[in-house]
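Trainee: Just dropping this structure here.
Residue numbers (full-length UniProt numbering): 1 to 302.
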């Protein structure tokens, strides 16, 4: 029996698992909704409208919880840095979603925590331990298997899928910096506000901002809801159980989206995507286990 399967005192693994199933469902619905409006809206328009809906949702939640006193725009540089990178990464994610198989997009996205290991060493000076190095190498080997350079053409969609993971890793670093000086509610509020502005500005560069049709509105509403719901579910799960129990459930996104791609879009599940995805997920889990063991060892030291 491994330490990953032993619930820590005070944890509620069943409730955490239910929250993570909610996160997997939300991410899957987000991909389906994005595909549904792909022919009608470009990625800038999509993100602008989605973030505008996020403003409404966040505004209602802040009002109901009486949290407007926590909203401020101190540290504007950090907010702008985080949201510029996150906005770019999301655009790349949706562009990849429109142009390559869903399973490929999710497999490449899962390399974000592995990029984080490298970038944390470069930007934050964090030590690159042996488990982190092995995890990163597993991730990059997985990228090669998913993308198959030389065997298949390297398309803009594949490049976008790989680059979005780098952007998400940088977003994690910026979020870590922000959480040290402000509340999660404040971070989410300014995320929706700034990314609404970014979306509308970028969408209007060509002088033509497409308005969503009546058929697209429900899908855009779903995008706005699932984007916030997914991260809320993950945060709720992490409050109930440690990452070693919670994050393996997140890995279910890859097989789930592969089946969705097959059933809804007739996307074949290639063997190299499966093997590459397994390597990427294995690298992630190795790092989670190593970090948990490190924290446990530090906790018992006198």
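Note that the Cβ used here is the ideal one computed from N, Cα and C, for glycine as well.
Is residue 34 closer than 8 Å to residue 94 when the C-beta atoms are compared?
Mentor: Reading the chain shown from its first residue, position 94 is the one you call residue 94. Reading the chain shown from its first residue, position 34 is the one you call residue 34. Contact flag set, yes.
Trainee: Just to confirm the assignment: which complete alpha helix (DSSP H) runs, minimum length 4, are found wholly within the region 136-204?
Mentor: 156-179 and 184-203
Trainee: Mapping the DSSP letters down to three states, classify residue 28 as helix, strand or coil.
Mentor: Here residue 28 is taken as the residue at index 28 of the chain shown, counted from 1. It is helical.
Trainee: Does the pairing of the region 38-46 with the region 262-279 give three or more beta-carbon distances under 8 Å?
Mentor: no
Trainee: Relative to the C-alpha of residue 69, which candidate in 224, 189 and 235 has its C-alpha closest?
Mentor: Position 69 of the chain shown, counted from the start, is the residue given in the question as residue 69. Nearest of 224, 189 and 235 to residue 69, Cα basis: 189.
Trainee: Who are the Cβ neighbours of residue 209 in its own chain at under 6 Å, not counting the five residues just before and after it?
Mentor: Walking along the chain shown from the start, residue 209 turns up at place 209. Taken in chain order, the residues that qualify are 203.
Trainee: Pair every Cβ in the region 46-55 with every Cβ in the region 173-187, then say whether three or more of these pairs are closer than 8 Å.
Mentor: no
Trainee: Would you please state the rounded distance, in angstroms, between the beta carbons of residue 11 and residue 242? I believe it to be under 8 Å.
Mentor: By 1-based counting over the chain shown, the position of residue 11 is 11. By 1-based counting over the chain shown, the position of residue 242 is 242. Confirmed, about 7 Å.
Trainee: DSSP three-state label for residue 38, please.
Mentor: Translated into positions along the chain shown, residue 38 becomes position 38. Assignment of residue 38 by DSSP, reduced to helix, strand and coil, places it in the coil class.
Trainee: Hey, residue 170 and residue 234 are a contact pair by Cβ (cut 8 Å); roughly how many whole angstroms apart?
Mentor: For the purposes of this step, residue 170 is identified with residue 170 of the chain shown, where counting begins at 1. For the purposes of this step, residue 234 is identified with residue 234 of the chain shown, where counting begins at 1. At roughly 19 Å, the Cβ-Cβ gap does not stay under 8 Å, so residue 170 and residue 234 are not in contact.
Trainee: Can you tell me whether residue 63 is helix, strand or coil according to DSSP?
Mentor: Locating residue 63 in the chain shown gives position 63, counting from the first residue. Correct three-state label for residue 63: helix.
Trainee: Can you give me the Cβ contacts of residue 185 inside the same chain, cut-off strictly under 7 Å, excluding the 5 residues immediately before and after it?
Mentor: For the purposes of this step, residue 185 is taken as residue 185 along the chain shown, with counting starting at 1. 62, 67 and 70, listed in sequence order.
Trainee: Can you name, in chain order, every residue of its own chain whose Cβ lies under 7 Å from the Cβ of residue 31, other than the five neighbours on each side?
Mentor: Working through the chain shown from its first residue, we reach residue 31 at position 31. Closer than 7 Å at the Cβ level, and outside the excluded window around residue 31, lie 97, 102 and 257.
Trainee: Indicate the three-state DSSP secondary structure (helix, strand or coil) for residue 86 in the structure shown.
Mentor: Residue mapping note: residue 86 aligns to position 86 of the chain shown, counting from 1. Looking at residue 86 - three-state DSSP - the assignment turns out to be helix.
Trainee: Check whether the Cβ atoms of residue 165 and residue 112 lie closer than 8 Å to each other.
Mentor: In the chain shown, the residue the question calls residue 165 occupies position 165. In the chain shown, the residue the question calls residue 112 occupies position 112. Cβ distance < 8 Å, so residue 165 and residue 112 count as in contact.
Trainee: What span of residues does the alpha helix (DSSP H) with residue 226 cover, start to end?
Mentor: For this step, residue 226 is matched to residue 226 along the chain shown. Counting along the chain, the alpha helix (DSSP H) containing residue 226 begins and ends at 217-240.
Trainee: How many angstroms separate the CA atom of residue 265 from the CA atom of residue 28?
Mentor: As a working mapping, residue 265 is identified with position 265 in the chain shown. As a working mapping, residue 28 is identified with position 28 in the chain shown. When rounded, the distance between both Cα atoms is 14 Å.
Trainee: What is the residue span of the alpha helix (DSSP H) that residue 329 lies within?
Mentor: The chain is shown only over 1 to 302; residue 329 falls outside these bounds and no answer can be derived.
Trainee: Do residue 157 and residue 100 have their CB atoms nearer than 8 Å?
Mentor: Sequence index remark: in the chain shown, residue 157 carries index 157 (1-based). Sequence index remark: in the chain shown, residue 100 carries index 100 (1-based). Inclusion of residue 157 and residue 100 in the CB contact set at 8 Å is warranted, their separation being smaller than that value.
Trainee: Identify, in the order they occur along the chain, each residue of the same chain with its Cβ nearer than 7 Å to the Cβ of residue 196, setting aside the five sequence neighbours on each side.
Mentor: Looking up residue 196 in the chain shown gives position 196. Once the five neighbours on either side are set aside, the close Cβ partners of residue 196 are 48, 51, 52 and 55.
Trainee: Since I believe residue 277 is in contact with residue 146 (beta carbons under 8 Å), could you give me their beta-carbon distance rounded to a whole number of angstroms?
Mentor: If you number the chain shown from 1, residue 146 lands on position 146. If you number the chain shown from 1, residue 277 lands on position 277. So it is a contact: roughly 7 Å between Cβ atoms.
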